[in-house]
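Data block below; observations after.
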Amino acid sequence: MPNANDVIAALELEVHVEGGYFRRTYQADHRDMLETRTGPRYLMTSIYYLLTEDSPIGQFHFNQSDILHFFHLGDAIEYSLIHADGSLQTLVMGKNVLAGQHLQLHVPGGIWKASRLLHGEYGFGLISEAVSPGFDFADMEMGNRQKLVAQYPQHRALIEMLTRDED
Ligand code: GUN
912 MPNANDVIAA LELEVHVEGG YFRRTYQADH RDMLETRTGP RYLMTSIYYL LTEDSPIGQF
972 HFNQSDILHF FHLGDAIEYS LIHADGSLQT LVMGKNVLAG QHLQLHVPGG IWKASRLLHG
1032 EYGFGLISEA VSPGFDFADM EMGNRQKLVA QYPQHRALIE MLTRDED
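Residue numbers (this note's numbering): 912 to 1078.
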């Protein structure tokens, strides 16, 4: 069974600003760009995204685009989604569909998302994400701990676990 470093090397992944590792695998550059409120975007982009024991958290961030997540390999990953009304949704992506784990997860644009590798036998979890309109850093906001806690004080402990301490 491959370990995390084998997967990083085989898939040529790089460090992601949210935590974890990624590589863009697709962008719809054979099609017209979409005009969005924030500028022209690819119709769709896709990445591999990997969490490992050394980098187990994808920190809270906000996307404008819809994102489809597909689980591939390894240990389960827990997703925390904070909706605009403050409600929290917790879901687990993984292969154990009989236990309610998800192979696919649709996260609509306009909410805060974080992910966390759950302990398991592999030491990594690998998914893909398909983003439409295509990913652009201008459409993504990294979560600031103080600001998020002020906005959603009922989720303070979770936000503190899943954001970087910038002080
Ligand atoms: N998150 C989802 N898609 C992407 C992408 O293409 N690039 C980066 N950096 N992050 C993403």
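Glycine included, every Cβ here is placed at the ideal spot set by N, Cα and C.
Identity of the residue in the options nearest residue i by Cα
| i | options | result |
| --- | --- | --- |
| Gln-861 | Ala-920, Tyr-959 and Leu-922 | Nothing about residue 861 can be read from this structure; the chain reaches only from 912 to 1078. |
| Asp-996 | Gln-1062, Asn-1055 and Ala-1068 | Gln-1062 |
| His-1030 | Val-1008, Phe-1048 and Val-1003 | Val-1003 |
| Asp-1047 | Gly-950, Leu-922, Val-926 and Leu-979 | Gly-950 |
| His-994 | Val-926, Gln-1065 and Arg-1075 | Gln-1065 |
| Arg-942 | Pro-1044, Gln-1057 and Met-1072 | Pro-1044 |
| Gly-1011 | Phe-971, Ala-987 and Ser-991 | Ala-987 |
| Val-1042 | Asp-1050, Met-1072 and Gln-1057 | Asp-1050 |
Between the CA atoms of residue j and residue i - distance to the nearest angstrom
| i | j | result |
| --- | --- | --- |
| Ile-1038 | Phe-973 | 19 angstroms |
| Asn-1032 | Phe-981 | According to the sequence provided, residue 1032 is Glu. The question's Asn does not apply to it. If you take the alpha carbons of Glu-1032 and Phe-981, they lie about 20 angstroms apart. |
| Glu-989 | Asp-977 | 18 angstroms |
| Arg-934 | Asn-914 | 18 angstroms |
| His-1017 | Thr-947 | 20 angstroms |
| Pro-1019 | Leu-1069 | 21 angstroms |
| Glu-905 | Gln-1015 | As displayed, the chain neither begins before 912 nor continues past 1078, which places residue 905 out of reach and without an answer. |
| Gly-985 | Leu-922 | 14 angstroms |
| Glu-1052 | Glu-925 | 20 angstroms |
| Leu-992 | Asn-916 | 28 angstroms |
| Met-912 | Asn-1007 | 18 angstroms |
Identity of the residues DSSP links to residue i by a beta bridge
| i | result |
| --- | --- |
| Leu-1009 | Leu-1009 is not bridged to any residue. |
| His-1017 | Leu-979 |
| Glu-1040 | Ile-958 and His-980 |
| Leu-1028 | Ile-988 |
Chain C contact for residue i (CB, 7 angstroms cutoff)
| i | result |
| --- | --- |
| Lys-1024 | This model lacks chain C altogether, as it is built from one protein chain only. |
Does the stretch 930–950 come within contact of the stretch 962–977, defined as at least 3 CB pairs closer than 8 angstroms?
yes
Just list the beta strand (DSSP E) runs in the stretch 943–1001, keeping only unbroken ones of 3 residues or longer that don't cross its boundaries, in chain order.
945–947, 950–952, 956–963, 968–974, 977–985 and 988–993
Check whether the stretch 1024–1033 and the stretch 947–959 touch, using three or more Cβ-Cβ pairs below 8 angstroms as the test.
no
Minimum length 3: unbroken beta strand (DSSP E) runs contained in the stretch 1047–1078
1051–1053
In chain order, which continuous runs of the alpha helix (DSSP H) of length 4 or greater are located wholly inside the stretch 914–945?
915–922
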